[in-house]
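Presented below is the structure to which this report refers.
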Amino acid sequence: FAGGEPFLHPTLLGELCRVASSELGLAVSIISNGSLITPKWMDTYAKYVDVLGVSVDSFDPRTNAAIGRGGDANNQHVSRMLSVRDACYTHDVMFKINTVVNSLNWEEDMNLQIATLDPVRWKVFQVLVLEGENAGGEGDLRDARNLCIPNEKFNAFVERHSERTMLVPEPNDVMQNSYLLLDEELRFLDCSNGGKVPGRSILDVGVDGALMDAGFDDKMFDERGGVFEWRRPRD
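Quick note: the sequence shown uses our numbering, first residue -19, plus one each step.
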(Lines of atoms letter the chains of each structure in order from A and count residues from 1; the text may use other names and numbers.)
(Lines give C-alpha, C1' and ligand atoms only; values in the text may rest on other atoms or scores of the structure.)
Protein backbone atom coordinates (compact mmCIF):
# COMPACT_ATOMS: atom_id res chain seq x y z
CA PHE A 1 0.00 0.00 0.00
CA ALA A 2 1.44 3.32 -1.10
CA GLY A 3 0.17 6.78 -1.75
CA GLY A 4 -0.32 9.53 -1.35
CA GLU A 5 -0.18 8.61 2.31
CA PRO A 6 -1.88 5.30 3.29
CA PHE A 7 -2.16 6.28 6.97
CA LEU A 8 -4.61 9.08 6.20
CA HIS A 9 -7.22 6.32 6.66
CA PRO A 10 -5.61 4.20 9.38
CA THR A 11 -8.53 1.91 10.22
CA LEU A 12 -9.28 1.16 6.58
CA LEU A 13 -5.59 0.53 5.94
CA GLY A 14 -5.36 -1.78 8.91
CA GLU A 15 -8.37 -3.80 7.83
CA LEU A 16 -7.03 -4.06 4.28
CA CYS A 17 -3.76 -5.37 5.71
CA ARG A 18 -5.64 -7.88 7.84
CA VAL A 19 -7.70 -9.19 4.93
CA ALA A 20 -4.73 -9.29 2.57
CA SER A 21 -2.59 -11.19 5.07
CA SER A 22 -4.99 -13.41 7.00
CA GLU A 23 -7.68 -14.14 4.43
CA LEU A 24 -5.83 -13.90 1.11
CA GLY A 25 -2.40 -15.07 2.24
CA LEU A 26 -0.61 -12.14 0.61
CA ALA A 27 2.62 -10.53 1.70
CA VAL A 28 1.89 -6.95 2.79
CA SER A 29 4.08 -3.90 2.29
CA ILE A 30 3.36 -0.26 3.19
CA ILE A 31 5.23 2.86 2.09
CA SER A 32 4.61 5.88 4.32
CA ASN A 33 6.13 9.23 5.24
CA GLY A 34 5.92 8.07 8.85
CA SER A 35 4.05 11.08 10.22
CA LEU A 36 0.75 9.33 11.03
CA ILE A 37 1.95 5.93 12.25
CA THR A 38 0.95 5.50 15.90
CA PRO A 39 1.86 2.95 18.58
CA LYS A 40 -1.82 1.96 18.78
CA TRP A 41 -1.94 1.16 15.06
CA MET A 42 1.22 -0.91 15.30
CA ASP A 43 -0.08 -2.78 18.34
CA THR A 44 -3.29 -3.62 16.48
CA TYR A 45 -2.21 -4.23 12.89
CA ALA A 46 1.57 -4.73 12.68
CA LYS A 47 1.12 -8.50 12.81
CA TYR A 48 -0.46 -8.30 9.35
CA VAL A 49 2.44 -6.32 7.81
CA ASP A 50 5.60 -7.83 6.33
CA VAL A 51 7.48 -4.69 5.28
CA LEU A 52 7.07 -1.07 6.37
CA GLY A 53 9.00 1.44 4.35
CA VAL A 54 9.58 5.05 5.35
CA SER A 55 10.50 7.80 2.90
CA VAL A 56 13.64 9.59 4.07
CA ASP A 57 15.19 11.97 1.55
CA SER A 58 17.56 13.71 3.96
CA PHE A 59 18.84 13.66 7.52
CA ASP A 60 19.13 17.46 7.50
CA PRO A 61 15.91 19.16 8.71
CA ARG A 62 16.54 22.15 6.45
CA THR A 63 16.85 19.95 3.38
CA ASN A 64 13.71 18.05 4.35
CA ALA A 65 11.82 21.31 4.64
CA ALA A 66 13.10 22.48 1.25
CA ILE A 67 12.05 19.20 -0.35
CA GLY A 68 8.63 19.39 1.28
CA ARG A 69 8.91 16.86 4.11
CA GLY A 70 8.00 19.07 7.04
CA GLY A 71 6.79 22.62 7.30
CA ASP A 72 9.99 24.34 8.46
CA ALA A 73 13.65 23.86 9.22
CA ASN A 74 12.80 22.43 12.67
CA ASN A 75 10.52 19.68 11.39
CA GLN A 76 10.45 16.32 13.15
CA HIS A 77 10.55 14.05 10.11
CA VAL A 78 13.78 12.27 11.03
CA SER A 79 12.83 11.71 14.67
CA ARG A 80 9.48 10.26 13.56
CA MET A 81 11.30 7.89 11.27
CA LEU A 82 13.43 6.67 14.17
CA SER A 83 10.28 5.95 16.16
CA VAL A 84 8.83 3.94 13.29
CA ARG A 85 12.09 1.97 13.02
CA ASP A 86 11.88 1.05 16.70
CA ALA A 87 8.22 0.04 16.38
CA CYS A 88 9.08 -2.23 13.43
CA TYR A 89 11.77 -3.97 15.46
CA THR A 90 9.38 -4.40 18.38
CA HIS A 91 6.70 -5.98 16.18
CA ASP A 92 9.02 -8.04 13.96
CA VAL A 93 8.20 -6.05 10.81
CA MET A 94 10.93 -5.62 8.21
CA PHE A 95 12.00 -1.97 8.11
CA LYS A 96 12.86 -0.37 4.76
CA ILE A 97 13.97 3.13 3.77
CA ASN A 98 13.20 4.83 0.46
CA THR A 99 15.28 7.81 -0.63
CA VAL A 100 14.70 9.93 -3.73
CA VAL A 101 17.96 11.50 -4.83
CA ASN A 102 17.47 15.00 -6.20
CA SER A 103 19.13 18.37 -6.69
CA LEU A 104 18.83 19.22 -2.98
CA ASN A 105 20.27 16.07 -1.41
CA TRP A 106 22.59 14.41 -3.94
CA GLU A 107 25.71 15.69 -2.17
CA GLU A 108 24.63 14.47 1.28
CA ASP A 109 26.54 11.71 3.07
CA MET A 110 24.04 9.41 4.81
CA ASN A 111 26.43 6.58 5.64
CA LEU A 112 26.44 7.01 9.41
CA GLN A 113 22.67 7.33 9.75
CA ILE A 114 21.87 4.43 7.44
CA ALA A 115 24.39 2.21 9.17
CA THR A 116 22.82 3.08 12.53
CA LEU A 117 19.27 2.44 11.33
CA ASP A 118 20.30 -0.77 9.53
CA PRO A 119 17.18 -1.23 7.33
CA VAL A 120 16.57 -4.51 5.55
CA ARG A 121 16.66 -2.60 2.24
CA TRP A 122 17.54 0.94 1.30
CA LYS A 123 15.90 1.81 -2.01
CA VAL A 124 17.64 4.78 -3.64
CA PHE A 125 15.71 6.31 -6.55
CA GLN A 126 16.69 8.98 -9.04
CA VAL A 127 13.94 11.61 -9.04
CA LEU A 128 11.61 10.85 -11.95
CA VAL A 129 9.40 13.39 -13.71
CA LEU A 130 6.21 12.11 -15.35
CA GLU A 131 3.71 14.09 -17.41
CA GLY A 132 0.40 14.43 -15.60
CA GLU A 133 2.03 13.81 -12.24
CA ASN A 134 4.91 16.17 -11.39
CA ALA A 135 6.00 17.88 -14.63
CA GLY A 136 4.36 21.23 -13.85
CA GLY A 137 1.72 20.95 -16.55
CA GLU A 138 -1.95 21.81 -16.30
CA GLY A 139 -3.56 19.35 -13.92
CA ASP A 140 -0.25 18.05 -12.56
CA LEU A 141 -0.13 17.59 -8.80
CA ARG A 142 3.28 19.29 -8.52
CA ASP A 143 6.33 20.48 -10.42
CA ALA A 144 9.50 18.50 -9.70
CA ARG A 145 11.54 19.66 -12.68
CA ASN A 146 13.82 21.77 -10.49
CA LEU A 147 14.69 18.63 -8.48
CA CYS A 148 15.96 16.65 -11.48
CA ILE A 149 19.60 15.56 -11.61
CA PRO A 150 21.72 14.01 -14.35
CA ASN A 151 22.88 10.41 -14.12
CA GLU A 152 26.35 11.53 -13.07
CA LYS A 153 25.07 13.09 -9.85
CA PHE A 154 22.87 10.10 -9.06
CA ASN A 155 25.80 7.76 -9.63
CA ALA A 156 27.98 9.92 -7.36
CA PHE A 157 25.44 9.52 -4.55
CA VAL A 158 25.33 5.75 -5.06
CA GLU A 159 29.13 5.48 -5.12
CA ARG A 160 29.42 7.53 -1.92
CA HIS A 161 27.25 4.93 -0.17
CA SER A 162 28.58 1.82 -1.90
CA GLU A 163 29.62 0.22 1.39
CA ARG A 164 26.00 0.02 2.51
CA THR A 165 25.20 -3.55 1.47
CA MET A 166 21.43 -3.03 1.77
CA LEU A 167 21.47 -0.28 -0.88
CA VAL A 168 19.40 -0.96 -4.01
CA PRO A 169 19.94 1.82 -6.59
CA GLU A 170 17.22 2.58 -9.14
CA PRO A 171 18.03 5.19 -11.78
CA ASN A 172 15.28 6.39 -14.10
CA ASP A 173 15.83 3.75 -16.77
CA VAL A 174 15.49 0.96 -14.20
CA MET A 175 12.58 2.40 -12.21
CA GLN A 176 10.23 3.78 -14.84
CA ASN A 177 8.69 0.56 -16.21
CA SER A 178 9.54 -2.01 -13.54
CA TYR A 179 6.66 -1.27 -11.15
CA LEU A 180 2.98 -2.15 -11.39
CA LEU A 181 0.94 0.86 -10.28
CA LEU A 182 -2.78 0.41 -9.66
CA ASP A 183 -5.14 3.38 -9.25
CA GLU A 184 -8.38 3.65 -7.29
CA GLU A 185 -10.38 2.31 -10.24
CA LEU A 186 -8.17 -0.80 -10.42
CA ARG A 187 -6.43 0.38 -13.60
CA PHE A 188 -2.73 -0.19 -14.17
CA LEU A 189 -0.83 3.00 -14.98
CA ASP A 190 1.46 2.85 -17.99
CA CYS A 191 4.58 5.00 -17.45
CA SER A 192 6.50 3.79 -20.50
CA ASN A 193 5.98 6.96 -22.54
CA GLY A 194 6.82 9.47 -19.81
CA GLY A 195 3.38 9.80 -18.24
CA LYS A 196 0.92 7.84 -16.10
CA VAL A 197 -1.68 6.58 -18.57
CA PRO A 198 -4.50 4.47 -17.08
CA GLY A 199 -5.45 1.30 -18.91
CA ARG A 200 -8.60 -0.79 -18.70
CA SER A 201 -9.93 -1.70 -15.27
CA ILE A 202 -9.44 -5.16 -13.77
CA LEU A 203 -13.16 -5.00 -13.00
CA ASP A 204 -13.91 -4.86 -16.73
CA VAL A 205 -11.28 -7.08 -18.36
CA GLY A 206 -9.73 -9.13 -15.55
CA VAL A 207 -6.12 -9.10 -14.36
CA ASP A 208 -4.57 -10.58 -17.50
CA GLY A 209 -6.35 -8.11 -19.77
CA ALA A 210 -5.49 -5.14 -17.56
CA LEU A 211 -1.82 -6.17 -17.44
CA MET A 212 -1.64 -5.81 -21.20
CA ASP A 213 -2.08 -2.05 -20.71
CA ALA A 214 0.52 -1.68 -17.94
CA GLY A 215 3.72 -1.20 -19.95
CA PHE A 216 5.42 -3.45 -17.40
CA ASP A 217 9.00 -4.62 -18.01
CA ASP A 218 9.27 -7.92 -16.15
CA LYS A 219 12.91 -8.41 -17.16
CA MET A 220 13.88 -5.09 -15.62
CA PHE A 221 11.86 -6.02 -12.52
CA ASP A 222 14.06 -9.11 -12.09
CA GLU A 223 17.28 -7.20 -12.84
CA ARG A 224 16.58 -4.55 -10.17
CA GLY A 225 16.17 -7.25 -7.51
CA GLY A 226 12.38 -7.12 -7.34
CA VAL A 227 12.23 -10.77 -6.31
CA PHE A 228 13.51 -11.31 -2.78
CA GLU A 229 12.33 -12.84 0.49
CA TRP A 230 10.15 -10.15 2.01
CA ARG A 231 7.59 -12.25 3.81
CA ARG A 232 7.74 -12.47 7.60
CA PRO A 233 7.35 -15.90 9.24
CA ARG A 234 3.72 -16.83 9.91
CA ASP A 235 2.57 -18.70 13.00
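Where is the CB? At the ideal position from N, CA and C, for every residue including glycine.
Asked, Found
"Option nearest SER181 by Cα separation, candidates GLY175, SER172, PHE168", "PHE168"
"Alpha carbon of TRP102 to alpha carbon of GLU165, nearest angstrom", "30 Å"
"DSSP state of ILE129 mapped onto helix, strand, coil", "coil"
"Counted within 10 angstroms of its Cβ, other Cβ atoms place SER2 as buried (16 or more) or exposed", "exposed"
"C-alpha gap between CYS68 and ALA26, whole angstroms", "8 Å"
"CA-to-CA distance, LEU92 to ASP188, given in whole angstroms", "45 Å"
"Length of the line joining the Cα atoms of ASP52 and GLY195", "Note on ASP52: pLDDT 49, under 50, position unreliable in the model; no value is reported."
"Distance, THR24 Cα to SER38 Cα", "30 Å"
"Length-filtered (3 minimum) beta strand (DSSP E) runs lying within the segment 37 to 86", "74 to 81"
"Coil, strand or helix - ILE94 by DSSP", "helix"
"CA-to-CA distance, VAL109 to GLY174, given in whole angstroms", "8 Å"
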